[in-house]
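Enquirer:
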Amino acid sequence: MTSPTTGFVRHRRSKRAIATFSVFEADLLRSLAAQLVELLHNESAVAATERDPLEALLDFSGPTTEPEDPVLRRLFPSAYREDAEAAAEFRRFTEGGLRDGKARAAATVIDTLEEAGLPAEPLDEELAIDVELDDETALVWLRSLTDLRLALGTRLGVEEDDEELWYSLPDEDPRAQAHHIYEWLGFIQETLVRSVG
Numbered sequence: 539m540t541s542p543t544t545g546f547v548r549h550r551r552s553k554r555a556i557a558t559f560s561v562f563e564a565d566l567l568r569s570l571a572a573q574l575v576e577l578l579h580n581e582s583a584v585a586a587t588e589r590d591p592l593e594a595l596l597d598f599s600g601p602t603t604e605p606e607d608p609v610l611r612r613l614f615p616s617a618y619r620e621d622a623e624a625a626a627e628f629r630r631f632t633e634g635g636l637r638d639g640k641a642r643a644a645a646t647v648i649d650t651l652e653e654a655g656l657p658a659e660p661l662d663e664e665l666a667i668d669v670e671l672d673d674e675t676a677l678v679w680l681r682s683l684t685d686l687r688l689a690l691g692t693r694l695g696v697e698e699d700d701e702e703l704w705y706s707l708p709d710e711d712p713r714a715q716a717h718h719i720y721e722w723l724g725f726i727q728e729t730l731v732r733s734v735g
C-alpha cells in the first residue's frame with residue numbers, strides 16, 4: 539500500500555487542508571468508514587430513526603451494559619470501572635448520542651470523498667481524488683480517523699511498542715497488510731493534524 543506523496547497540507551491561499559488520494563486509497567477510506575457506520579448501527583443501542591426530534595432528544599433509554607464487540611467496547615469504554623451502577627447509568631444517557639456522532643463523522647468522510655469525485659465503482663486506477671477540507675470538516679475527519687484507527691488496531695490486537703512483531707510478518711500475511719493500512723491511516727491523520735494546526 540502506498541501513501542500519498544504528501545498527505546494533507548495547508549493551502550496557502552484558501553487556508554484549507556488539501557490532499558490528493560489515488561482512487562484506490564479514496565475507495566479504501568470510504569470502505570473503512572462505511573464499515574464503521576455499519577458496526578455502530580448494528581446493535582440494539584441504535585435509536586429508531588422515525589421519531590419526533592424532541593422525543594428523541596429527551597429519550598434516555600440507551601444501553602446500560604458494555605457492547606459485546608471488542609471494537610465497540612474500545613470506542614465506548616466504561617466511564618466508571620469501579621462502580622458498575624454509575625457506569626450503567628452514564629452509558630444509558632450518553633452512548634446513543636456518541637454512536638450517532640461517530641456515525642455522522644464517518645458519513646462525512648464518505649460524503650467528502652464522493653463530492654470530490656470518487657465514483658460508486660472506481661474502475662479507473664489512474665483517477666486521482668483531490669480532497670479539500672475547511673477547518674470544521676477537517677476536525678470531523680480527525681475524529682473519524684481516530685475511530686477508524688482504534689477499530690482497526692483493536693481488531694489487529696495492536697499494542698504499544700509491538701512494532702517488531704508487525705515488521706517481522708511476511709508481506710503476504712493478511713495481518714501485515716491490515717497493519718500497513720493502520721499505519722497509513724496514522725500517516726493521513728498526522729498530516730491532517732499538522733495542516734490544521
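Sequential numbering from 539 applies to the sequence shown in our numbering. Ideal Cβ positions, reconstructed from N, Cα and C, are used throughout, including at glycine.
Quick one: which unbroken alpha helix (DSSP H) runs of 4-plus residues sit fully inside the stretch 599-685? Chain order, please.
Expert: 608-613, 622-653
Enquirer: State buried or exposed for E737, treating a residue as buried only when at least 16 other CB atoms are found within 10 Å of its CB.
Expert: Past the edges of the chain, shown from 539 to 735, lies residue 737, and the structure says nothing about it.
Enquirer: Do you know offhand how far Y618's Cα is from G639's?
Expert: The sequence position of residue 618 within the sequence shown is 80, counting from 1. The sequence position of residue 639 within the sequence shown is 101, counting from 1. Rounded to whole angstroms, Y618 to G639 spans 21 Å at the Cα level.
Enquirer: Taking the alpha helix (DSSP H) that S569 belongs to, which residues open and close that run?
Expert: As a first step, residue 569 must be located in the sequence shown, where it is residue number 31. S569 -> alpha helix (DSSP H) spans 561-578.
Enquirer: V696 lies in the alpha helix (DSSP H); which residues open and close that run?
Expert: Position 158 of the sequence shown, counted from the first residue, corresponds to residue 696. Where V696 is concerned, there is no enclosing alpha helix (DSSP H), given that its DSSP letter is neither H nor E.
Enquirer: With C-beta atoms as the reference, is V647 less than 8 Å away from A557?
Expert: By 1-based counting over the sequence shown, the position of residue 647 is 109. By 1-based counting over the sequence shown, the position of residue 557 is 19. Cβ distance not < 8 Å, so V647 and A557 don't count as in contact.
Enquirer: Is the separation between the beta-carbon of A644 and that of D685 shorter than 8 Å?
Expert: As a working mapping, residue 644 is identified with position 106 in the sequence shown. As a working mapping, residue 685 is identified with position 147 in the sequence shown. Against a cut-off of 8 Å, the Cβ pair of D685 and A644 comes out as a contact.
Enquirer: Find out if the Cβ-Cβ distance for the pair D668, A658 is shorter than 8 Å.
Expert: Taking the first residue of the sequence shown as 1, we reach residue 668 at position 130. Taking the first residue of the sequence shown as 1, we reach residue 658 at position 120. Their beta carbons are not under 8 Å apart, which means D668 does not touch A658 by this criterion.
Enquirer: Could you give the DSSP three-state label for R548: helix, strand or coil?
Expert: Position 10 of the sequence shown holds residue 548. Residue state, collapsed to three classes: strand.
Enquirer: Output the distance between the C-alpha atoms of A666 and I726, rounded to the nearest integer angstrom.
Expert: Here residue 666 refers to the residue found at position 128 of the sequence shown. Here residue 726 refers to the residue found at position 188 of the sequence shown. So the two alpha carbons sit approximately 16 Å from each other.
Enquirer: Quick one: what's got a C-beta closer than 8 Å to E663's C-beta in the same chain, skipping five residues either side?
Expert: The residue given as residue 663 occupies position 125 in the sequence shown. If we look at E663 and ignore the five residues flanking it on each side, its Cβ neighbours are S560, V561, F562.
Enquirer: Please go through the same chain and pick out, in chain order, the residues whose beta-carbon is closer than 7 Å to the beta-carbon of V584, but skip the five residues on each side of it.
Expert: For the purposes of this step, residue 584 is taken as the residue at position 46 of the sequence shown. Residue placement at V584 is flagged as unreliable, the pLDDT there being 44, under the threshold of 50; the coordinate-derived value follows with that caveat. Apart from the 5 residues on each side of it in sequence, V584 sits with its Cβ closer than 7 Å to the Cβ of R637 in its chain, given in chain order.
Enquirer: Identify, in the order they occur along the chain, each residue of the same chain with its Cβ nearer than 7 Å to the Cβ of V575, setting aside the five sequence neighbours on each side.
Expert: Along the sequence shown, read from residue 1 onward, the residue named residue 575 stands at position 37. Taken in chain order, the residues that qualify are A641, A644, A645.
Enquirer: Evaluate D565 with the Cβ neighbour count: other Cβ atoms within 10 Å of its Cβ, from every protein chain shown; 16 or more gives buried, anything less gives exposed.
Expert: In the sequence shown, the residue the question calls residue 565 occupies position 27. D565 comes out buried.
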